[in-house]
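A.B. asks: At position 265 of the sequence shown (counting the first as 1) the number is 289 in our numbering, and the numbers step up by one without a gap. Using N, Cα and C, we set each Cβ at its ideal position, and we do this for glycine too.
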Amino acid sequence: MSSKVRVRFAPSPTGPLHIGGVRTALYNYLFAKKHNGDFVLRIEDTDQNRFVEGAEDYIIESLNWCGIPYDEGPGKEKGFGPYRQSERKDIYREYAEKLIESGNAYYAFDTADELDAHRKDHEEKGKTFIYNWHNREKLKNSLSLSKEEVQEKLDGDEPYVIRFKSPKDEILHLKDVIRGDMEIDTNILDDKVLFKSDGMPTYHLANIVDDHLMEITHVIRGEEWLPSLALHYMLYRAFGWEAPEFAHLPLILKPQGKGKLSKRDGEKMGFPVFPLEWKDPKSGETSAGYREDGYFSEAVVNMLAFLGWNPGTEQEFFELEELTKAFELERVHKGGAKFDPEKTKWFQQHYIQLADNDLLTEEFQKVLKKQEIEAETEYVHAVVDLIKERVVFVEDFWDQGYFFFIAPTSYEPKDSKKAWKEDTNELMSELIEVLKAQDEFEAEKLQNEVKSWIKSKEIGFGKVMMPLRIALVGALQGPDLYKIAEFVGKKETIKRIETAIETIH
Ligand code: GLU
């Protein structure tokens with residue numbers, strides 16, 4: 025094996041990148057960085073029918089947003105390109121033919137209808153039709169036909185596929201970094217199609233040829249590719265190439281119930297299964313993305329890192345840099361990883377608390393702009409400082425602090441009923457007088473004055489503080505009331521109390 029670690033992420037551009045694909049990319053990235061290796065992006069677009077416009081850009085933007093850009097790939101040519109399989113078509117034909125020459129593959133001319141008939145026939149007898157050693161000598165291929173017949177068909181442009189000739193009566197020994205050693209009896213395998221008559225390779229051939237030519241040392245991919253591992257081993261052997269190491273990542277499971285996490289689970293439970301928002305070019309349908317839903321990429325990356333891996337310590341918060349040090353393929357679990365949308369929120373809460381307040385101020389300004397509110401940066405910054413601990417998303421700054429910018433437009437009925445009693449109007453009018461007398465409208469001073477006034481009246485604090493909160497905020501929530509009063513200022517505070525007196529009673 026070449027000494028430099030080289031891994032690849034090899035998505036097919038058939039739509040938006042599922043969050044599971046992002047995890048595969050992340051683990052590849054982490055492994056590459058840990059070993060000072062290269063992280064290659066290869067676009068597996070041999071299936072033209074499933075090609076979706078914009079999907080490749082989406083994949084690249086997703087990796088960049090997560091902070092895990094590829095070192096080598098489309099647009100980052102490092103001598104192993106092209107990195108799109110559709111641009112490598114000619115290479116695959118040559119390798120398919122090599123396998124035929126070496127007796128490891130053969131032309132098969134069976135039509136779709138013929139194969140269907142075989143399938144039906146087997147079904148009727150309670151059997152399953154598998155194209156392999158068992159029957160290949162009886163089917164229409166270059167193993168059963170004479171050389172001349174084969175040449176005639178090829179010359180006559182008869183449609184064909186090239187199939188791999190799986191060995192008979194052999195036990196294959198497969199290795200997986202995560203799953204350990206496995207044994208497979210080759211007699212249960214079918215002779216997979218490697219090349220189609222439309223001139224395109226299938227996934228198996230293109231994938232193996234490219235991994236070899238791109239000098240990939242470790243193949244890290246989803247568990248759904250485990251059933252292909254035996255064929256891939258046999259292909260390496262047939263070509264006389266050394267196989268890379270393989271690691272198959274566990275499935276990502278639904279938060280509840282059984283089975284794989286699906287797009288529908290996200291829609292049903294209200295969480296995204298895609299990193300970025302995606303607008304389907306055909307249906308126009310939009311799917312939610314973590315970025316647009318207000319998540320920080322740090323939170324998504326931290327959540328994904330733990331979806332199938334753990335460091336073996338108590339530490340739960342890992343930024344990318346730390347992950348690249350701590351990550352070990354051997355610590356990836358075998359069993360499926362249950363997706364927990366609440367955990368992502370928990371990480372988000374953590375990372376927003378760590379975020380720089382200047383940056384949050386900038387982001388909050390965008391939210392305010394949407395509300396058509398213009399406010400001084402300094403003021404917005406002060407609000408951010410004050411209510412940061414209450415937010416999980418930047419949007420929450422508005423929900424948790426709108427009253428710093430606008431007077432309440434309504435009063436929470438339950439709260440105002442609880443706060444506003446018979447004598448409240450009178451008390452609030454008196455409070456206005458107390459406030460009017462304050463020259464310095466500063467929280468601590470206000471607190472002292474209002475407190476001693478309440479004490480002098482020998483009434484409970486709640487009788488004043490609750491209605492005051494209703495007047496300033498519109499509900500019984502929010503941070504320190506004196507701070508709110510200080511922030512909105514004397515005139516506005518008094519105005520809000522007056523409005524509440526008029527509106528509530
Ligand atoms: N193109 C395959 C996919 O879409 C790549 C599988 C592999 O990594 O070998 O997942």
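Which of the three DSSP states, helix, strand or coil, is assigned to M258?
C.D. replies: Helix.
A.B. asks: If you check the beta carbons only, do A254 and Y260 fall under 8 angstroms apart?
C.D. replies: no
A.B. asks: Taking 7 angstroms as the cut-off, does the CB of S86 come closer than this to any heavy atom belonging to ligand 1?
C.D. replies: no
A.B. asks: Please state whether the Cβ-Cβ distance between Q372 and F417 is less than 8 angstroms.
C.D. replies: yes
A.B. asks: Please classify I43 as buried or exposed, where buried requires at least 16 other C-beta atoms within 10 Å of its C-beta.
C.D. replies: buried
A.B. asks: In angstroms, rounded to a whole number, what distance separates the CA positions of K514 and K460?
C.D. replies: 8 angstroms
A.B. asks: Buried or exposed, going by whether 16 or more other CB atoms sit within 10 Å of the CB of N165?
C.D. replies: With a 10 Å radius around the Cβ and a threshold of 16 neighbouring Cβ atoms, N165 comes out buried.
A.B. asks: Does any C-beta atom of chain D lie closer than 8 angstroms to the C-beta of P299?
C.D. replies: Judged by its chain identifiers, the structure shown contains no chain D, having just a single protein chain.
A.B. asks: I need the straight-line Cα distance from T226 to A329, nearest angstrom please.
C.D. replies: C-alpha separation (whole angstroms): 31 angstroms.
A.B. asks: Name the residue from E352, V324, A323 whose alpha carbon lies nearest to the alpha carbon of N334.
C.D. replies: E352
A.B. asks: Would you kindly check if the distance between the Cβ of F363 and the Cβ of P251 is under 8 angstroms?
C.D. replies: no
A.B. asks: Considering F219, what are the terminal residues of the beta strand (DSSP E) in which it resides?
C.D. replies: 217-220
A.B. asks: Quick check for students: name the residue ranges of the alpha helix (DSSP H) that lie wholly in the segment 99-178, counting only runs of 4 or more.
C.D. replies: 113-125, 136-148
A.B. asks: Beta strand (DSSP E) containing M206: first to last residue?
C.D. replies: Segment 204-209, the beta strand (DSSP E) holding M206.
A.B. asks: Please tell me whether L331 and I276 are closer than 8 angstroms, where the distance is taken between their beta carbons.
C.D. replies: Cβ distance < 8 angstroms, so L331 and I276 count as in contact.
A.B. asks: With DSSP as the reference, label R480 as helix, strand or coil.
C.D. replies: Going by the sequence as given, residue 480 is Ser instead of Arg. Note: S480 maps to helix in three-state DSSP.
A.B. asks: Between I132 and R187, which are expected to be in contact by the criterion C-beta below 8 angstroms, what is the C-beta distance as a whole number of angstroms?
C.D. replies: It is worth fixing the name first, because residue 132 is Ala in this sequence and not Ile. A132 to R187, Cβ: 5 angstroms. Contact.
A.B. asks: Confirm the yes/no value for this check: CB of A34, any heavy atom of ligand 1, distance under 7 angstroms.
C.D. replies: yes
A.B. asks: In the DSSP assignment, what are the bridge partners of I430?
C.D. replies: DSSP, once it has assigned bridges, lists no residue as partnering I430.
A.B. asks: Which residue's Cα is closest to the Cα of S36: K58, R30, V76, S27?
C.D. replies: V76
A.B. asks: Does the beta carbon of Y82 fall short of 7 angstroms from some heavy atom of ligand 1?
C.D. replies: no
A.B. asks: In the DSSP assignment, find the unbroken alpha helix (DSSP H) run with D420 in it and report its ends.
C.D. replies: 420-425
A.B. asks: Would you say the beta carbon of V243 comes nearer than 7 angstroms to a heavy atom of ligand 1?
C.D. replies: Judged by the Cβ position, V243 qualifies as a neighbour of ligand 1 at the 7 angstroms threshold, a heavy atom of the ligand being closer than this.
A.B. asks: What is the C-beta distance between W249 and H272, in whole angstroms, given that I count them as a contact (C-beta under 8 angstroms)?
C.D. replies: Indeed, because the Cβ distance is near 6 angstroms, the residues count as touching under 8 angstroms.
A.B. asks: Taking its Cβ as the centre, do 16 or more other Cβ atoms sit within 10 Å of I202, making it buried, or is it exposed?
C.D. replies: The residue in question, I202, is buried, as its Cβ has 16 or more Cβ neighbours within 10 Å.
A.B. asks: I need the boundaries of the beta strand (DSSP E) containing V391, first residue and last residue.
C.D. replies: Taken as a continuous stretch (DSSP letters only), V391 belongs to no beta strand (DSSP E), being part of the alpha helix (DSSP H) at 381-394.
A.B. asks: Starting from the Cα of P191, find the closest Cα among Y257, M206, N211, V174 and give me that residue.
C.D. replies: Put simply, of Y257, M206, N211, V174 the residue whose alpha carbon is nearest the alpha carbon of P191 is N211.
A.B. asks: Any chance the CB of E68 is under 7 angstroms from a heavy atom of ligand 1?
C.D. replies: yes
A.B. asks: Return the Cβ separation of K102 and G61 in integer angstroms, given the expectation that the two are a contact with Cβ distance under 8 angstroms.
C.D. replies: The Cβ separation is near 13 angstroms, so there is no contact.
A.B. asks: Under the criterion of a Cβ to heavy atom distance below 7 angstroms, does R227 qualify as lining ligand 1?
C.D. replies: Sequence check: residue 227 is Tyr here, not Arg. Answer for Y227: yes, Cβ within range of ligand 1.
A.B. asks: Of the choices Y107, T433, M490, F427, whose alpha-carbon is the least far from that of L455?
C.D. replies: Nearest option by C-alpha distance: M490.
A.B. asks: If I follow the unbroken beta strand (DSSP E) through V64, where does it start and stop?
C.D. replies: 62-65
A.B. asks: Consider the C-beta atom of N52 and the heavy atoms of ligand 1; say whether any pair is separated by less than 7 angstroms.
C.D. replies: no
A.B. asks: Unbroken beta strand (DSSP E) runs of length 3 or more, entirely within the segment 222-284: which are they?
C.D. replies: Complete beta strand (DSSP E) runs here, min 3: 242-246, 269-273.
A.B. asks: Let me confirm a value: D508 is counted as buried when at least 16 other C-beta atoms fall within 10 Å, else exposed. Which label applies?
C.D. replies: Correcting the residue type first, residue 508 is Ile in the shown sequence and not Asp. Result: buried.
A.B. asks: Between the alpha carbons of K322 and L178, how many angstroms are there, rounded?
C.D. replies: The question names Lys, yet the displayed sequence has Glu at residue 322. Looking at the two C-alpha atoms, the distance is approximately 55 angstroms.
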